[in-house]
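Undergrad: Residue numbers (full-length UniProt numbering): 1 to 427.
#1: From the DSSP output, in three-state form, read off residue 354 for me.
#2: Would you give the residue range spanned by the alpha helix (DSSP H) that residue 314 belongs to?
#3: On the DSSP bridge list, what partners appear for residue 41?
#4: So, at 8 Å on beta carbons, what are the nonlocal neighbours of residue 142 in its own chain, with the 5 sequence-adjacent residues on each side left out?
#5: Please go through the same chain and pick out, in chain order, the residues whose beta-carbon is closer than 8 Å to the beta-carbon of residue 79, but skip the five residues on each side of it.
#6: Looking only at C-alpha atoms, which of 318, 49, 83, 423 sits nearest to residue 379?
#7: What three-state label does DSSP hand residue 92 in the structure shown?
#8: Can you tell me the Cα-Cα spacing of residue 134 and residue 77, whole angstroms?
#9: Over what stretch of residues does the alpha helix (DSSP H) that includes residue 14 continue unbroken?
#10: What I want to know is whether the C-beta of residue 120 ends up closer than 8 Å to one or more non-hydrogen atoms of the ligand FAD.
#11: Report yes or no: do three or more beta-carbon pairs, one from the region 28-43 and one from the region 97-105, lie closer than 8 Å?
#12: Under the rule that 16 or more other beta-carbon atoms within 10 Å means buried, what is residue 203, buried or exposed?
#13: To which residues of the same chain is residue 105 closer than 8 Å at the C-beta, ignoring the five residues directly before and after it?
#14: Label residue 212 either buried or exposed according to how many other C-beta atoms from any shown protein chain fall within 10 Å of its C-beta, with 16 as the threshold for buried.
#15: Which two residues bound the contiguous beta strand (DSSP E) that contains residue 280?
#16: Skipping 5 residues on each side, what residues in its chain have a beta carbon closer than 6 Å to that of residue 357?
#17: Can the beta-carbon of residue 54 be found closer than 9 Å to that of residue 73?
#18: Please report the straight-line C-alpha distance between residue 224 and residue 233, rounded to a whole angstrom.
#19: For the region 115-124 and the region 184-202, state whether three or more C-beta atom pairs, one from each stretch, are separated by less than 8 Å.
#20: To the nearest angstrom, report how far apart residue 293 and residue 262 are at their CA atoms.
#21: For the region 322-336 against the region 1-12, are there 3 or more C-beta pairs whose distance is under 8 Å?
#22: Mark residue 110 as exposed unless 16 or more other C-beta atoms lie within 10 angstroms of its C-beta, in which case mark it buried.
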């Protein structure tokens, strides 16, 4: 079977809206740029508080990193909570830990409230230790989160093997706050919720200019414009054009995934039998999960668009055979790649470059929950002006040096590691 370049989540979300492009002039309270997790969460929460909202999307809702996500509804950030509080200070760091620790419950509540069919599972996620150093890291994370009252548990021995479906993992941190979704279906559900609340969503409407006109902002596209008192820039890694400095505040990285054909029920049930999604502790990590139809989904850091399909198949075979050698040869169905906004310290940035204009970047691969939380926080802040609604304070825009070089070096490192995996030098 040839490996198709196709995003599985698009295939599994056939009822995606395809809205007309903006034409003419629209006047609203808030203009949101970007119809992904952040922008649509902001739109929904603004509309719930009585604001009129227009969302501009350069392509279609979920086109960017939101629709190409792994779909792990994780709590917290990549960085352990103690390090977050050390970096931000106890007051800010503890607030960020609280807000992102509760982030999965916010996602779940939106799914429930708006009846979003996104194949949600609430059984948690598993962070899997690939070696002794990884296990030590997970033990530290367990202690840190338990100190904060989080329902996490380090599984070892038979309990670990039963939960992961593999003997290659000595320990796995089960986070019961978390879960999995079809990210494109979740994004589509948020878009439909925004429209049902009276919001206007325009697809195929990339922004060409953003400028202040008196007391309002003018957000211009090729065929129209939006006049708004406030603007949310939520385009993150998919920011296009020179109308904003945002894209100079992160460096782009990539994450590819490979999905199998649906496995037989018996085979599928052996892999992560509790239904959790997972990722391992390797520096160039691998993610592992199943979808609602029993496909095996593998992913890793790197740009799959720059790799031949035989290479991606060889990599997927290597990872599958290492973790799940009991499976019969797996047929790989499709592959896709998403772009991630990375920052040097792996922490996001919130910006307010001018009154009434807010922006965010740098989720570093934690978009489902972080984007949903930041979208709500922006909505609350724009409605009441209280900075305590934000997970972290605004930072000044400070363009990064050597953005292109950073991306190239990261990609070269990822590719070398994956080549080593294919050649069975590393795993």
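For glycine and all other residues, C-beta sits at the position ideal for the given N, C-alpha and C.
TA: The short version:
#1: For the purposes of this step, residue 354 is identified with residue 354 of the chain shown, where counting begins at 1. Of the three classes helix, strand and coil, the one that applies to residue 354 here is strand, per DSSP.
#2: By one-based count along the chain shown, residue 314 stands at place 314. Note, residue 314: alpha helix (DSSP H), 309-323.
#3: Working through the chain shown from its first residue, we reach residue 41 at position 41. Its beta-bridge partners do not exist; DSSP assigns none.
#4: Here the question's residue 142 lines up with position 142 in the chain shown. Within the same chain, residue 142 has close Cβ partners 152, 153, 154, 173.
#5: As a working mapping, residue 79 is identified with position 79 in the chain shown. Closer than 8 Å at Cβ, skipping near neighbours: 87, 346, 347.
#6: Here residue 379 corresponds to residue number 379 of the chain shown, with the count starting at 1. Nearest option by C-alpha distance: 49.
#7: Taking the first residue of the chain shown as position 1, residue 92 is located at position 92. If DSSP states are grouped into helix, strand and coil, residue 92 belongs with the helices.
#8: The residue labelled residue 134 in the question sits at position 134 within the chain shown. The residue labelled residue 77 in the question sits at position 77 within the chain shown. Approximately 17 Å, taken between the alpha carbons.
#9: Numbered from 1 along the chain shown, position 14 holds the residue referred to as residue 14. No alpha helix (DSSP H) holds residue 14; DSSP gives it neither H nor E.
#10: In terms of ligand content, the structure shown is empty, and the ligand FAD therefore cannot be addressed.
#11: no
#12: Position 203 of the chain shown, counted from the start, is the residue given in the question as residue 203. Its Cβ being crowded by 16 or more others within 10 Å, residue 203 is buried.
#13: Here residue 105 corresponds to residue number 105 of the chain shown, with the count starting at 1. Answer for residue 105: 177, listed in chain order.
#14: Taking the first residue of the chain shown as 1, we reach residue 212 at position 212. It counts as exposed.
#15: As a position in the chain shown, residue 280 is number 280, starting the count at 1. 277-280 is the extent of the beta strand (DSSP E) around residue 280.
#16: For the purposes of this step, residue 357 is taken as residue 357 along the chain shown, with counting starting at 1. Closer than 6 Å at the Cβ level, and outside the excluded window around residue 357, lie 231.
#17: To locate residue 54, count along the chain shown from 1; it is residue 54. To locate residue 73, count along the chain shown from 1; it is residue 73. No, they are not a contact pair.
#18: Residue mapping note: residue 224 aligns to position 224 of the chain shown, counting from 1. Residue mapping note: residue 233 aligns to position 233 of the chain shown, counting from 1. Approximately 18 Å between the Cα atoms of the pair.
#19: yes
#20: One-based indexing of the chain shown puts residue 293 at position 293. One-based indexing of the chain shown puts residue 262 at position 262. Rounded to whole angstroms, residue 293 to residue 262 spans 6 Å at the Cα level.
#21: yes
#22: Along the chain shown, one-based indexing puts residue 110 at 110. By the 10 Å Cβ count, residue 110 comes out buried.
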